[in-house]
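Visitor: My questions all concern the structure below.
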Amino acid sequence: MNKAFKASSLIECVVASIILLVSFAITMEMLTRVTLRESDPSESVAMELALRQWRREYGDGRHLPGNYSREHDWGTVEITIQDYGKGIQHISIKALPARGMKAMRYDYLVKEEL
81 MNKAFKASSL IECVVASIIL LVSFAITMEM LTRVTLRESD PSESVAMELA
131 LRQWRREYGD GRHLPGNYSR EHDWGTVEIT IQDYGKGIQH ISIKALPARG
181 MKAMRYDYLV KEEL
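Just so we're aligned: the sequence shown equals residues 81 to 194 in the numbering used here.
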């Protein structure tokens with residue numbers, strides 16, 4: 081009934097504590113970086129509404145091919161219009177937020193209005 085357990089030395093306890101501390105610090109650093117990159121939901125809605133507005137304006141087929149840029153308080157919208165062929169335009173609308181990492185991009189093919 082008397083079984084003796086071998087106790088850990090002080091050095092083993094210190095090494096185990098350091099390993100746990102380093103793994104905890106790495107995990108917390110990764111967690112904070114992941115959570116801070118998320119965009120604000122209200123900014124995402126504002127970006128979506130701005131993209132729809134610029135789609136209505138530039139999607140009529142009456143604008144010349146080229147690059148256009150519009151500034152907003154949440155970031156920048158870049159609009160690229162290219163000739164696709166035979167009276168069709170390729171419109172690319174991209175939202176680039178100033179904060180956060182979520183960028184939005186939509187591509188459309190529209191018939192040119194004469």
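Glycine included, every Cβ here is placed at the ideal spot set by N, Cα and C. Keep in mind it's a predicted model, so treat the numbers as computed, not measured.
Rounded to whole angstroms, what is the Cα-Cα separation between residue 131 and residue 158?
Guide: One C-alpha to the other measures close to 10 Å.
Visitor: Would you say residue 139 and residue 171 are within 8 Å of each other, going by their C-beta atoms?
Guide: Cβ distance < 8 Å, so residue 139 and residue 171 count as in contact.
Visitor: DSSP on residue 177, reduced to helix/strand/coil?
Guide: In this structure, residue 177 counts as strand in the three-state DSSP scheme.
Visitor: Just to confirm, is the Cβ distance from residue 154 to residue 178 under 8 Å?
Guide: It is a contact, given that the beta carbons lie within the stated cut-off.
Visitor: Can you tell which of 148, 156, 111 has its C-alpha closest to the C-alpha of residue 124?
Guide: When only C-alpha atoms are compared, the closest one is 156.
Visitor: To the nearest angstrom, how far is it from the Cα of residue 169 to the Cα of residue 134?
Guide: Between residue 169 and residue 134, the C-alpha separation is close to 15 Å.
Visitor: Tell me whether the beta-carbon of residue 175 lies closer than 8 Å to the beta-carbon of residue 127.
Guide: Result yes, Cβ atoms of residue 175 and residue 127 sit closer than 8 Å.
Visitor: Can you tell me whether residue 91 is buried or exposed, with buried defined as 16 or more other CB within 10 angstroms of its CB?
Guide: Per the 10 Å Cβ criterion, exposed.
Visitor: If contacts are defined as beta-carbon pairs under 8 Å, then residue 167 and residue 191 qualify, I think. What distance do you get, rounded to the angstrom?
Guide: The Cβ separation is near 6 Å, so the contact holds.
Visitor: Residue 185 by DSSP, collapsed to three states: which one?
Guide: Note: residue 185 maps to strand in three-state DSSP.
Visitor: Among 151, 189, 113, 150, which residue has its Cα nearest to the Cα of residue 163?
Guide: The shortest Cα separation from residue 163 among 151, 189, 113, 150 belongs to 189.
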